[in-house]
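Numbering (this note's numbering), first residue to last: 32 to 510. All residues carry an ideal CB built from backbone N, CA and C; glycine is no exception. To start, the structure under review is shown below, and the notes come after it.
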Amino acid sequence: MSEPSMSYVSKSVLFPTEREKLFEKYKDIIETDFTLNRTLVSFQANKKEQFFRWFKYKEGFSKKLIDYFIEKYHPSNGHILDPFAGSGATLFAAREKGWDSTGVELLPIGIYNVEARLAAEKISLEKFKREVNSFWKSFDKITSDNSVIQHISITRGAFPEDNEINLNRYLTCCKKINDSSIRKLFEFAAFTVLEEISFTRKDGQYLRWDSRANRSYGNTEFNKGEIYDFIKVVKEKIEEIIFDLSPNQNLDLFPKEETKTELTDPKILQGSSLEVLPGMKSDIFDFVMTSPPYCNRYDYTRTYALELIFLNNNDDDVKKLRQTMLTCTVENKEKLNYLENLYTELNRASDFDFINSIYFSHPAMSEVNDILSKLNELGKLNNSNIPRMVKNYFYEMLFIIYEMYRLLKKNGTVVMVNDNVRYGGEEIPVDLILSDFAKIIGFKIKKIWTLPTGKGNSSQQMGEHGRSELRKCVYIWEK
Ligand SMILES: C[S@@+](CC[C@H](N)C(=O)[O-])C[C@H]1O[C@@H](n2cnc3c(N)ncnc32)[C@H](O)[C@@H]1O
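Here's what the structure looks like:
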C-alpha cells in the first residue's frame with residue numbers, strides 16, 4: 032500500500048485543522064489502485080471500445096471501468112442506478128452483465144445518446160444500408176432554404192456557411208425517413224460531427240472559437256486546424272456506424288445476439304437527480320455506480336452548446352439547464368429554497384431539516400466555506416462566485432448522498448468517481464468531505480481509491496505554488 036499524502040494541507044496562514052482531522056480519520060482507507068490507469072478510466076484511451084466512439088462524450092466512463100468495479104464489489108447481478116448517467120455507459124455495461132439499470136440524466140445530450148444506441152440495436156442493418164443509398168438521391172433535391180438548426184447567442188456563426196446549409200438540407204431530408212429508429216441514426220450521425228464541421232473546439236471549461244469565425248474572445252488567436260466538410264464527414268460517420276453494426280466486428284459495442292433477448296433495456300429518466308431521486312421508493316437498488324459533475328467550474332451547457340441547439344434547445348432552455356445542473360459552475364445559484372419546497376411537497380420536511388443540519392454543523396465544510404470567503408475578501412480567487420459554487424456543490428451532493436443511501440438496499444454499494452479541487456491555493460478534499468457526509472448518513476466508508484497519477488503536480492506548478500498532487504478518487508461506500 033502506498034502512503035497517502037496529506038496534500039490538502041495548505042501552506043497558508045489559515046490553519047486547516049478540521050481538514051487535517053478528516054484526513055487523520057480516513058487516511059488508513061485511502062489507497063492507490065494501480066489498475067486504475069488511464070486506459071481503464073478514461074474514455075479517450077478506449078476509442079475502439081464501444082458505441083461511444085461514434086460520439087465523443089468526453090466525460091464518459093469506459094466500459095472496462097464499470098466491469099472492473101461491478102466484478103470487484105457486486106459480481107452477482109441486481110438493479111443498478113446511475114444518478115448522473117451521461118451517455119449511459121454504466122447502464123449499458125451493467126445490462127450486458129444481466130443487470131436491470133436505471134439512470135437519471137439532466138442534459139438531453141446524454142438522453143439522445145442512449146436513445147440512439149437503443150435505436151442502433153433495433154434497426155435492420157440491411158434496411159439501413161438501403162436507406163443510405165436512397166437518402167443521398169433525395170438529398171440532392173433538397174434546396175438550401177430550410178433552417179432546421181436554430182441558433183442561440185452562444186452558437187451563432189459556429190458553422191461555415193456551406194456546412195450550415197448542408198446540415199440543414201441533411202436534417203430536412205432525414206424527416207422523410209419513415210422508420211423512426213433509422214431516422215434517429217441518420218440524425219445522430221450528423222449530431223456526432225458538429226464539432227468537426229464547426230469553428231469551435233471543446234476545450235477545458237468552454238467552447239473555444241477559431242479566429243476565422245470572427246467572434247473574438249480575448250486576444251489569443253486560435254486556429255483549430257482543418258474544418259471538415261459536413262457531407263464528407265457525415266458520410267464517413269455513416270460508414271463507421273455500418274461497419275460497427277456489421278456482424279462479427281467484435282468491437283464490444285452491443286450485446287451478443289445469443290443473450291440479447293434476455294436483457295432488459297436500460298431505463299433513463301430525464302431530469303435532475305436532486306428532484307427525481309427524492310420521488311423514488313426506498314430500498315430498491317443494489318448498486319450505484321456514478322460520477323457526478325466535479326466541483327471544477329466545467330460548464331457542460333457551454334461545451335455542448337452546438338449539440339443542445341441541434342436538439343432544439345433555445346436560449347431559455349439552455350439557461351434553465353445550466354441552473355438546474357448540480358452546481359459546478361460559478362453561475363449556478365443557490366438551490367436551498369427549491370430543495371426545501373420540494374421536500375416539503377413530498378411530505379419529507381424532516382428529511383430536509385436533517386440533511387440541512389448535517390451540512391451546517393459540519394466542521395470541515397464550515398472551514399472550507401470560511402477560508403474561501405476570506406480568500407475572496409482578500410481578492411485571491413479569480414472569480415468572486417467560487418465560494419458560492421463550492422458551498423452549493425457540497426450542499427447539493429449531500430442531498431444526493433442522502434437519497435442514494437435511502438434508495439439502496441441493505442449492503443448495497445456506491446462506487447463514485449470524483450476529483451479533488453483547489454481554489455486560491457487551498458485544496459478542497461472533496462473525497463474526505465463527501466465520504467464524511469456519507470458516514471454521518473449511515474454508510475460504511477470502505478475505501479477511497481486514488482488513481483496512480485493525479486493532476487496539478489507538474490514540476491512547474493510545484494515550483495510556483497509548492498503545490499502537491501490533487502487526488503483523483505473512486506469512493507466505495509456500503510449501506
Ligand atoms: C461526469 S458526467 C457523468 C458521465 C457518465 N459517467 C458517462 O459515462 O457518460 C456527469 C453528468 O451529470 C449530469 N448532470 C449534471 N447535473 C445533473 C443533475 N442535477 N441531475 C442529473 N444529471 C446531472 C451531466 O449532464 C453529466 O452528464
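Inter-residue Cα distance where the pair is residue i and residue j
i, j, result
"Phe316", "Pro191", "48 Å"
"Ile507", "Pro278", "38 Å"
"Leu465", "Tyr436", "13 Å"
"Phe383", "Ser392", "14 Å"
"Asn407", "Lys89", "31 Å"
"Ile228", "Asn194", "7 Å"
"Trp85", "Ala220", "8 Å"
"Ile386", "Ser155", "50 Å"
"Asp347", "Ile183", "9 Å"
"Pro106", "Thr133", "18 Å"
"Leu411", "Ala150", "It is worth fixing the name first, because residue 411 is Lys in this sequence and not Leu. Rounded to the nearest angstrom, the two C-alpha atoms are 50 Å apart."
"Lys268", "Phe92", "22 Å"
"Leu482", "Gly256", "33 Å"
"Leu352", "Gln301", "11 Å"
"Glu509", "Gly443", "6 Å"
"Glu376", "Leu276", "47 Å"
"Asp314", "Leu438", "5 Å"
"Glu306", "Pro114", "11 Å"
"Glu500", "Asp210", "52 Å"
"Arg50", "Val505", "19 Å"
"Lys158", "Arg239", "39 Å"
"Asn400", "Glu162", "58 Å"
"Ala120", "Ile101", "13 Å"
"Met32", "Asp462", "Unreliable placement is indicated for Met32, whose pLDDT of 42 sits below 50; the coordinate value is still reported in the next sentence. Each residue's alpha carbon lies about 18 Å from the other."
"Asn108", "Lys128", "7 Å"
"Thr48", "Asn327", "24 Å"
Residue i Cβ short of 7 Å to ligand 1 heavy atom set
i, result
"Gly91", "yes"
"Glu62", "no"
"Glu136", "yes"
"Phe261", "no"
"Pro297", "no"
"Gly117", "yes"
"Ala120", "yes"
"Glu324", "The question names Glu, but residue 324 is Pro in the sequence shown. It does: the Cβ of Pro324 is within 7 Å (strictly closer) of some heavy atom of ligand 1."
"Ala88", "The question names Ala, yet the displayed sequence has Tyr at residue 88. Yes; taking the cut-off as 7 Å, the Cβ of Tyr88 has a heavy atom of ligand 1 nearer than that."
"Pro114", "yes"
"Thr355", "yes"
"Leu305", "yes"
"Tyr331", "yes"
"Gly443", "no"
"Gly310", "no"
"Gly141", "yes"
Buried versus exposed, by CB contacts within 10 Å (16 or more), residue i
i, result
"Arg502", "buried"
"Phe54", "buried"
"Ser118", "buried"
"Glu226", "buried"
"Leu409", "exposed"
"Trp130", "buried"
"Thr334", "buried"
"Ala124", "buried"
"Ala171", "The sequence given here places Asp at residue 171; Ala does not occur at that position. Flag for Asp171 reads exposed."
"Gly310", "exposed"
"Phe430", "buried"
"Arg419", "buried"
"Pro139", "buried"
"Ala116", "buried"
"Ser388", "exposed"
"Asn378", "exposed"
"Phe274", "exposed"
"Gly487", "Because the pLDDT at Gly487 is just 44, under 50, the model does not fix this residue reliably, and the value given afterwards should be weighed accordingly. That one is buried."
Integer-rounded CB distance, given that residue j should sit under 8 Å from residue i
i, j, result
"Ile417", "Val361", "6 Å"
"Glu136", "Ile340", "Wrong, their Cβ atoms sit about 18 Å apart, outside the cutoff."
"Glu146", "Lys215", "6 Å"
"Val446", "Tyr104", "6 Å"
"Pro297", "Leu122", "3 Å"
"Cys204", "Phe261", "Not confirmed; about 13 Å, so no contact."
"Lys95", "Leu71", "5 Å"
8 Å Cβ cutoff, residue i in contact with chain C
i, result
"Asn254", "Of the protein chains in this structure there is only one, and it is not chain C."
Residue i: CB within 7 Å of a non-hydrogen atom of ligand 2
i, result
"Leu403", "Among the ligands modelled here, namely ligand 1, ligand 2 does not occur."
Residue ranges of each alpha helix (DSSP H) run of no fewer than 4 residues wholly in the region 329-410, ordered along the chain? 331-334, 336-341, 346-355, 367-376, 380-391 and 394-408
Enumerated in chain order, which unbroken segments of the alpha helix (DSSP H) with a length of 4 residues or greater are wholly contained in the region 398-485?
-> 417-438 and 461-472
* Asked: What residue ranges within the region 131-172 form continuous alpha helix (DSSP H) runs of no fewer than 4 residues, ordered along the chain?
  -> 139-153 and 156-172
- Item | Contained alpha helix (DSSP H) runs [length at least 4] in the region 205-256, N- to C-terminal order | 211-222
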